[in-house]
Structures are given as C-alpha cells and as structure tokens.
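Chemist: Protein chains in written order, with this note's numbering: chain W, 291 to 434; chain Y, 291 to 434; chain G, 291 to 434.
We treat Cβ as the ideally placed atom computed from N, Cα and C, and that holds for glycine.
None of these values were measured; they are calculated from a predicted model.
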Amino acid sequence: MATYRQSFSIETRGEVQAIDVTDRVALAVKTSGIRDGIVCVFTPHSTAAIVANERERGLIERDLPAALERMVPRGVSYAHNQAGDPNGHGHIRAALLGPSVTIPVADGRPMLGTWQQVLLLELDVRKRTREVVVQVVGDGAANV
Amino acid sequence: MATYRQSFSIETRGEVQAIDVTDRVALAVKTSGIRDGIVCVFTPHSTAAIVANERERGLIERDLPAALERMVPRGVSYAHNQAGDPNGHGHIRAALLGPSVTIPVADGRPMLGTWQQVLLLELDVRKRTREVVVQVVGDGAANV
Amino acid sequence: MATYRQSFSIETRGEVQAIDVTDRVALAVKTSGIRDGIVCVFTPHSTAAIVANERERGLIERDLPAALERMVPRGVSYAHNQAGDPNGHGHIRAALLGPSVTIPVADGRPMLGTWQQVLLLELDVRKRTREVVVQVVGDGAANV
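#1: Just the Cα atoms here: how many angstroms apart are D313 (chain Y) and Q407 (chain Y)?
#2: Indicate whether at least one CB of chain W lies closer than 7 Å to the CB of E346 (chain G).
#3: Does chain Y have any CB closer than 7 Å to the CB of I328 (chain W)?
#4: In chain G, what lies closer than 9 Å to D397 (chain Y) by C-beta?
#5: Can you find a C-beta in chain G that's less than 7 Å from the C-beta of G378 (chain W)?
#6: What does a CB cutoff of less than 8 Å around D429 (chain W) pick up in its chain, not counting 5 residues either side in sequence?
#7: Using a threshold of 7 Å, state whether the C-beta atoms of A369 (chain G) and D397 (chain Y) are closer than that.
#8: Whether or not the segment 299-316 of chain G and the segment 410-418 of chain Y are in contact is what I'm after, with contact meaning three or more pairs of Cβ atoms, one per stretch, closer than 8 Å; do they touch?
#9: Could you tell me whether any Cβ in chain G is nearer than 7 Å to the Cβ of P355 (chain Y)?
#10: May I ask you to report which of helix, strand or coil DSSP gives E351 (chain W)?
#11: V434 (chain W) CB to nearest chain G CB: under 7 Å?
#12: Between which two residues does the beta strand (DSSP E) containing I393 (chain Y) stretch?
#13: Are the beta-carbon atoms belonging to G403 (chain Y) and P376 (chain G) less than 7 Å from one another?
#14: With a CB to CB cut of under 8 Å and the five nearest residues on each side skipped, what residues in its chain are close to F320 (chain G)?
#15: If we count the other Cβ atoms within 10 Å of its Cβ and call it buried at 16 or more, is A373 (chain G) buried or exposed?
#16: According to DSSP, is G380 (chain Y) helix, strand or coil?
#17: Starting from the C-beta of C330 (chain W), find all residues in its chain whose C-beta is less than 7 Å away, skip the five residues before and the five after it, and write them out in chain order.
#18: Does any C-beta atom of chain Y lie closer than 7 Å to the C-beta of P389 (chain G)?
#19: Please list the terminal residues of the continuous beta strand (DSSP E) segment that includes R295 (chain W).
#20: Would you verify that the beta carbon of P394 (chain Y) is, or is not, closer than 7 Å to some beta carbon of chain G?
#21: To the nearest angstrom, how far is it from the Cα of A385 (chain G) to the Cα of A357 (chain G)?
#22: Kindly indicate if chain G contains any beta-carbon less than 7 Å away from that of D310 (chain Y).
#23: Leaving out five residues before and five after R295 (chain Y) in sequence, what residues of the same chain have Cβ atoms less than 6 Å from its Cβ?
#24: Apply the 10 Å Cβ neighbour rule to E301 (chain W) and answer buried if 16 or more other Cβ atoms are within range, or exposed otherwise.
#25: From the DSSP output, in three-state form, read off R314 (chain W) for me.
#26: Taking the DSSP output, what are the residues bridged to L411 (chain W)?
#27: Name the one or two DSSP bridge partners that D375 (chain Y) has.
#28: Per DSSP, what kind of secondary structure is H370 (chain G) in: helix, strand or coil?
#29: For a test of the three-state rule: what should DSSP assign to R345 (chain G), helix, strand or coil?
#30: Starting from G365 (chain Y), find everything on chain G with Cβ-Cβ shorter than 8 Å and list it in chain order.
#31: State yes or no: is the C-beta of M401 (chain Y) within less than 7 Å of the C-beta of V423 (chain G)?
#32: DSSP on R416 (chain W), reduced to helix/strand/coil?
#33: For G304 (chain Y) and K417 (chain Y), what's the separation of their Cα atoms in angstroms?
#34: In chain Y, which residues lie with their C-beta within 9 Å of the C-beta of Q438 (chain G)?
#35: Between E346 (chain Y) and H379 (chain G), what straight-line distance do the alpha-carbon atoms span, to the nearest angstrom?
This is the structure in structure tokens:
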C-alpha cells in the first residue's frame, strides 16, 4: 500500500468557467505507480468546485452556467456580500457541487467513463489562482 | 492494508429511477475481508448518480423526481441537446448529485445509518445499462 | 499504511443549522498519527449533510437557509410526509448536499483552504442527535 500526492495551480477568468483537469489527474495516478485504489481530486477553496461530467462545449459553457443561475441566482440579496466580495451565490453553488470527486483506480488509471471528465469549476466573480490536489491511495509499486 | 474492487451492471428504465444497491455494496465489502477503512461507490456515467438516502417509496418515486424537475427542468432550452440525446437536464442533475458516495467501513460493514441506503439514480431519458464500481481500501485479512 | 476512526455526537436544534466540526476533524487526523492520505468525514443520517465551505455568519445563518428554501421549498407537497415526520424537503436537501466530504491529508493535517471549514448541516425539522464519523486512511506512524 502507498500514498502519493501531486498539486497544481490553474489561473481562471471568473464565473462560470469549467476547466478539464482529467489529463492532469490521470498523469498523477500514473506517476504514483499505484495500480489499484482510489484517487481524490480536491480543491481547497470555497468558491470553486470539482465535478465529473462531460466536457461538451454547449453543456459546460452555456447549460451549466444557466442552470446554476436558475438554482442559485446572482441577483438576490446575500448577507455574505456585506462582508467582502459579492460572491455569496458562488459560496452556495460551491457547497452544493462539492470540493472533490473520489474515483476508483484500476490498472493504474482512474475508472472514468468515456463521457466523464474531471472539471474544476470557477464559481467566483473574478479571476483567481486555484489549487487542485490529487491524492492517490492504494496498492502497487509506488515510486515515491 | 489491502484494496478490493467489484463491479456490477444494472439495467435501468429511464429517468428518474432510483435503484437500491446497498446489499451489493455490503456484500462487496464483506467479500473483501477488509474490516476497517473506506468504500467508494462510483458510477462511470455522466447522466447517472450515486446518492445515499432513504429508500422510501414516496420519497424516491415521487418527491425526488418532482424536486429535480423544479430545480433543473426538462422543458427549458439546453445547448447540449443539439449535440445528440435530449438529456442536457440529466447531465446537469448528475453533476449536481455526483457520481459517487464514500463511506467509512467498520467491522467489515459500511457504516450506513438505518434510514440511509445507497441508491443508483438513472437520470437519462431512456433505458440504459449502468456500471457500478465498489472500491474498498483498508485494513484486514483481505482474501484477494 | 494504517486506518484510524473516531466518532462523535452533536446535539442540533433543527433546520437549517450549520455546525463547524473542523477542529474535531483536525484532532482526529492528528491523533491517528497518519501523515499522508485521505480523511472521510461522514454522517450516517438521511436528513443531515456534511459540506465544506466558509463559516461566515451571514453565509451559514442566512444565505444557505434561504438558498435551500428557494431550491427545495418546505411548502410544496411531499409524498414522504404522509409516512411520518414532515421532512421530505430535508431528505431531498440531504441527497443533494451529500453525507460526506473527502479531503487529502498532508503532514498530519487535512488540506483545507483558509476559508474552507467542514460543516455538519442539520436539515431535519426538529432537534436531533447526530453522529459524525471521521475515517483516516494513509501512511505514517499510526499510534493505533
């Protein structure tokens, strides 16, 4: 059994932006040498999220932003916005979507489906630098 | 420490259908021989989800479909629907609910509450074959 | 590799209440002696949730309850409410938010961001006793 961790940073341009990090996750798992186990992809922020879904342009550039705006609208009043950035809606959306996705690992690869990519979602109102942590735990000849 | 994985397939009949997979998950954990650790229940699809909640008929057959329809309605326009199946709403619902649930394992069993079942949710517009992956990581006399 | 688990109980006062359990989670990780790996914070209930977000008063006392009421209103009809407690909306909210958060562990600490706390959310209509399970899996001199 072994553990392996890799982190990387991503510059975003503000809400709602979806960035495909699947290749980075797959590379971290490969580098770990871990063949079987799990990988947790986590972002240590409260106005960003990690989800797994299809990286199809209409879906992530138009449908997802529109759906989030219907569910958690920017335009209503947020008590949080009196404390700083006008990003109360971003916090609620992040709590809803979650900061991580956990995926089984088999044969040294995350077991994602064909139409399933790992996406970092920027939910804040302005451009940010986001950290993504890829933590692998499992069996195999870990080269660490 | 050990890892153990089991996969199975489920035939669904289309949205919104909740299928209780708790017994399959418990059996996989028991078969693993792992006594303490975690189990990740994952579905490698972008229009399905895994959630933990009560398998009560009114809740899963009527309230959950109605709530999803209020939050992410079928009837609005989705850019994604120009690319193929009219399942844009299913993708958004799946991103929201998530493809996995991770549960602590104690004494060889998932630590679910009495009113807490593991449910596969079919969120696509038509019947599908869905894979469910149960990945256990932990301590114990793993018979693998 | 090692596993370590700690559970604790929390008395709540009914919906929507957010209770910061970050210190309890950090203490469990420290006590485990595990330096690198993951920690899963899980609640075995179907009308409660675990989320990671900022413990800012306006956000958790006003914005989050208001947002949940907009997305999953109390006032609509729930089939589940004919079976017992009038908490159908609480079940749906719990399914949406999820019973757990999984966080990478580095240097013996959960890798949470500065504005990211682990919150137990009470989503039921009345006061309850809630269990929280903290399960750590990873590497290090586990003193168990």
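Modeler: Put simply:
#1: 9 Å
#2: yes
#3: yes
#4: Here the premise fails: no neighbours, minimum Cβ distance about 11 Å.
#5: yes
#6: M291, A292, I324, R325, D326, G327
#7: no
#8: no
#9: no
#10: Reduced to three states, the DSSP call for E351 (chain W) is helix.
#11: At V434 (chain W), the pLDDT of 44 sits below 50, so the modelled position is not reliable; the number obtained from the coordinates is stated separately. Not one chain G Cβ lies under 7 Å of V434 (chain W).
#12: From DSSP, the beta strand (DSSP E) with I393 (chain Y) extends over 390-396.
#13: no
#14: Looking at the sequence shown, residue 320 (chain G) is not Phe but Lys. G398, R399.
#15: exposed
#16: helix
#17: S390, T392, Q425
#18: yes
#19: 292-301
#20: yes
#21: 16 Å
#22: no
#23: Cβ neighbours of R295 (chain Y) beyond the five flanking positions: Q425.
#24: exposed
#25: helix
#26: For L411 (chain W), the pairing in a beta bridge is given by DSSP as W:A308, W:A339.
#27: For D375 (chain Y), DSSP records no beta bridge to any residue.
#28: helix
#29: Residue state, collapsed to three classes: coil.
#30: By Cβ distance, chain G contributes nothing, its closest Cβ being about 17 Å from G365 (chain Y), past 8 Å.
#31: Yes. Within cutoff.
#32: coil
#33: 4 Å
#34: This structure cannot settle anything about residue 438 (chain G), because the visible part of chain G is limited to 291 through 434.
#35: 14 Å
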